[in-house]
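Engineer:
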Amino acid sequence: MDAAKVERVYSSYAKVYDHIFGKIFHDGREHAVRHLNLSPGERVLEVGVGTGLGLPSYPRSCEIVGIDLSDGMLNKCRQRIDVYGLKQVKVMRMDAGAMEFADDSFDAVMAAYVVTAVPDYRKVMLEMIRVCKPGGRIILLNHFSNGNPLIAAIEKVISPLCKQLGWRTDLSLASVLDGTHLTVIHKQKVNPFRIWHLVKCVNHKSVNGNGQPHSHNALI
Ligand SMILES: C[S@@+](CC[C@H](N)C(=O)[O-])C[C@H]1O[C@@H](n2cnc3c(N)ncnc32)[C@H](O)[C@@H]1O
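Heads up: the sequence shown is residues 65 to 284, going by the working numbering.
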């Protein structure tokens with residue numbers, strides 16, 4: 065999917081999105097925010113914030129910035145911000161693959177059900193790493209393709225159909241993390257059927273100093 069299609073597909077979902085994807089994915093969103101272990105005053109970026117279903121779970125003592133490509137989703141999100149009185153949250157239209165934030169702008173970055181919905185997950189991962197401080201936390205909450213060869217084959221077959229709906233099913237966590245400076249420090253299954261993963265990473269982008277990616281992802 066290119067950016068125009070993402071915008072079109074998700075804006076057409078905006079009115080019904082919360083009914084379809086609200087409750088079923090909520091457990092994962094709440095766990096993910098808890099695993100950020102936020103301290104007062106920290107700054108968090110939520111990429112692909114959508115209608116903002118995760119926003120009420122963040123502590124009010126932190127500053128939250130949400131970005132999304134879809135104006136339809138963002139309009140719903142702004143309504144939620146008003147209803148909940150979330151004064152610590154700002155949202156804006158921005159491409160997660162080409163962000164306008166300076167390097168090291170955030171203490172933590174969250175991508176909830178996003179890396180399989182973006183036009184180019186590599187660009188988005190590199191941008192999330194760039195805008196997150198060294199040593200900061202990055203959480204990916206997503207379905208990743210299964211290690212079981214039979215299930216992986218089914219996921220590959222249905223992926224083109226799912227792409228029409230706005231996401232892919234054939235992306236593995238190893239592909240997402242490949243070539244990055246992220247170390248996975250926690251991984252758990254979430255949501256009904258336990259086919260989604262919460263993956264917490266630490267951003268080691270300048271810790272090893274030589275510009276080479278880490279390969280310490282024993283938890284993948
Ligand atoms: C499946 S929804 C997830 C929404 C929300 N995070 C949630 O928990 O329900 C994926 C979102 O990612 C957004 N998106 C896709 N590609 C994007 C990009 N390149 N930049 C910003 N947002 C993007 C879509 O518009 C959509 O709102």
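Ideal Cβ placement from N, Cα and C applies to all residues, glycine included.
Can you tell me which residues fall inside 5 Å of ligand 1, judged by beta-carbon distance to its nearest heavy atom, and keep chain order?
Structural biologist: Result: VAL70, TYR74, GLY112, GLY114, LEU117, ASP132, LEU133, SER134, MET137, ASP159, ALA160, GLY161, ALA176, TYR177, VAL178, ALA181, VAL182.
Engineer: How many Å lie between LEU150 and TYR81 at the Cα?
Structural biologist: One C-alpha to the other measures close to 20 Å.
Engineer: Which class does VAL146 belong to by DSSP, given the choice of helix, strand or coil?
Structural biologist: Just to set this straight, residue 146 is Asp in the shown sequence, not Val. Of the three classes helix, strand and coil, the one that applies to ASP146 here is helix, per DSSP.
Engineer: Unbroken beta strand (DSSP E) runs of length 3 or more, entirely within the segment 78 to 125: which are they?
Structural biologist: Listed in chain order, they are 107 to 111.
Engineer: If we ignore side chains and look at the alpha-carbon of each, how far apart do LYS187 and MET163 end up?
Structural biologist: So the two alpha carbons sit approximately 10 Å from each other.
Engineer: Just to confirm, is the Cβ distance from MET158 to ALA96 under 8 Å?
Structural biologist: No; because the gap between Cβ atoms is not below 8 Å, this pair is not in contact.
Engineer: What separation, rounded to the nearest whole angstrom, lies between the Cα atoms of ILE193 and GLU127?
Structural biologist: Each residue's Cα considered, the two are about 19 Å apart.
Engineer: Is the CB-CB distance between ALA67 and LEU133 below 8 Å?
Structural biologist: It is a contact, given that the beta carbons lie within the stated cut-off.
Engineer: CB-CB under 6 Å to CYS196, same chain, minus the five flanking residues each way: which ones, in chain order?
Structural biologist: PHE170, VAL173, ILE202, ASN267.
Engineer: Among GLU71, GLU94, THR115, GLU219, which residue has its Cα nearest to the Cα of LYS79?
Structural biologist: Looking at the Cα atoms, THR115 is the closest of the given residues.
Engineer: Just tell me which of ARG258, ARG72, VAL111, ILE222 has its CA closest to the CA of GLY161.
Structural biologist: Ranking the options by Cα distance to GLY161, first place goes to VAL111.
Engineer: Can you tell which of HIS207, GLY136, LYS269 has the C-alpha that lies nearest to the C-alpha of GLY243?
Structural biologist: The residue with the shortest Cα to Cα distance from GLY243 is LYS269.
Engineer: Can you tell me where the beta strand (DSSP E) holding PRO198 begins and where it ends?
Structural biologist: It spans 196 to 206 - the beta strand (DSSP E) in which PRO198 sits, taken as one unbroken run.
Engineer: Classify ASP234: buried if its beta carbon has 16 or more other beta carbons within 10 angstroms, exposed otherwise.
Structural biologist: Looking at its Cβ environment, which holds 16 or more other Cβ atoms inside 10 Å, ASP234 is buried.
Engineer: Going along the chain, which unbroken runs of the alpha helix (DSSP H) with 4 or more residues stay wholly within the segment 159 to 243?
Structural biologist: The segment 159 to 243 contains these whole alpha helix (DSSP H) runs: 185 to 195, 213 to 229, 237 to 241.
Engineer: Please state whether DSSP places MET65 in a helix, a strand or coil.
Structural biologist: If DSSP states are grouped into helix, strand and coil, MET65 belongs with coil.
Engineer: On a Cα-Cα basis, can you pick out the residue from SER76, GLU94, TYR122 that is closest to LEU102?
Structural biologist: When each option's Cα is compared against that of LEU102, the closest is TYR122.
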